[in-house]
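K.L.:
Just so we're aligned, residue 1 is where the sequence shown starts under full-length UniProt numbering, counting upward by one.
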Amino acid sequence: MSLALDEKALATLFSEARTHGSWRDQPVSDEQLAELYALTRMGPTSANCSPARFVFVRSAEGKEKLKPTLSSGNLDKTMSAPVTVIVAYDREFYEALPRLFPHGDARSWFTSSPEFAEQTALRNSSMQAAYLILAARAMGLDTGPMSGFDRAKLDAAFFAGSTWTANLLINLGYGNPEKLYPRLPRLAFEEACTLA
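1) Between residue 124 and residue 4, what straight-line distance do the alpha-carbon atoms span, to the nearest angstrom?
2) Where does residue 45 sit, in a helix, a strand or coil, going by DSSP?
3) Threshold first: 4 residues or longer. Then list the alpha helix (DSSP H) segments lying entirely within the segment 78-111, N to C.
4) Return the CA-CA distance between residue 86 and residue 97, expressed in angstroms with no decimal places.
5) Just how far apart, CA to CA, sit residue 190 and residue 162?
6) With residue 171 as the anchor, note down where its beta strand (DSSP E) starts and where it stops.
7) Helix, strand or coil: how does DSSP classify residue 73 here?
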């Protein structure tokens, strides 16, 4: 099943893909969001725990609810994005493990340690956010991930009375390539990697 992607596909996913902060006035459909999730959910998580939960904010009412939770630097780009994805995680994700991981009693791994459950949920929902970014790029959509928001306010506005909590936000739609900043540098292999 391991087939190497060609250079064009790699460019779409990585080398030519950009983080967008300015958006064209082009909607993202319900069908596209369903397809996006269908791809995202196939990415691996530890013990198939799948803790991420996604809120696709796109209505005027939803945007107004989100607005007071944003940092000032993220306000304009988020309000103008066709969709803002709240990537959250369910603190009690392990309740679904009997169905998601029927090979053993994985639920007990997490019910006995709230700290381990929290670390697992944060780590794996972050991976799922990355899968969403790559799936969106593969579908011809652009993204703008960010963390500049007040988590307590966002949780109160969207997740009060639930076991969900926000991890990060991803603006989603069709980016305006005329308003991109120059690509920023990345660390070289020698700076970021060691061989052991």
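Where is the CB? At the ideal position from N, CA and C, for every residue including glycine.
P.N.:
Result, derived from the coordinates:
1) Against the sequence shown, residue 124 aligns to sequence position 124. Against the sequence shown, residue 4 aligns to sequence position 4. Rounded to whole angstroms, residue 124 and residue 4 show a C-alpha spacing of 25 Å.
2) Within the sequence shown, residue 45 is the residue found at index 45, counting from 1. If DSSP states are grouped into helix, strand and coil, residue 45 belongs with coil.
3) 97-100, 107-111
4) As a working note, residue 86 is residue 86 in the sequence shown. As a working note, residue 97 is residue 97 in the sequence shown. Cα to Cα, residue 86 sits roughly 23 Å from residue 97.
5) Locating residue 190 in the sequence shown gives position 190, where the first residue counts as 1. Locating residue 162 in the sequence shown gives position 162, where the first residue counts as 1. Looking at the two C-alpha atoms, the distance is approximately 45 Å.
6) Within the sequence shown, numbered from 1, the residue matching residue 171 stands at position 171. 164-173 is the extent of the beta strand (DSSP E) around residue 171.
7) As a working mapping, residue 73 is identified with position 73 in the sequence shown. The three-state reading of DSSP puts residue 73 in helix, counting H, G and I together.
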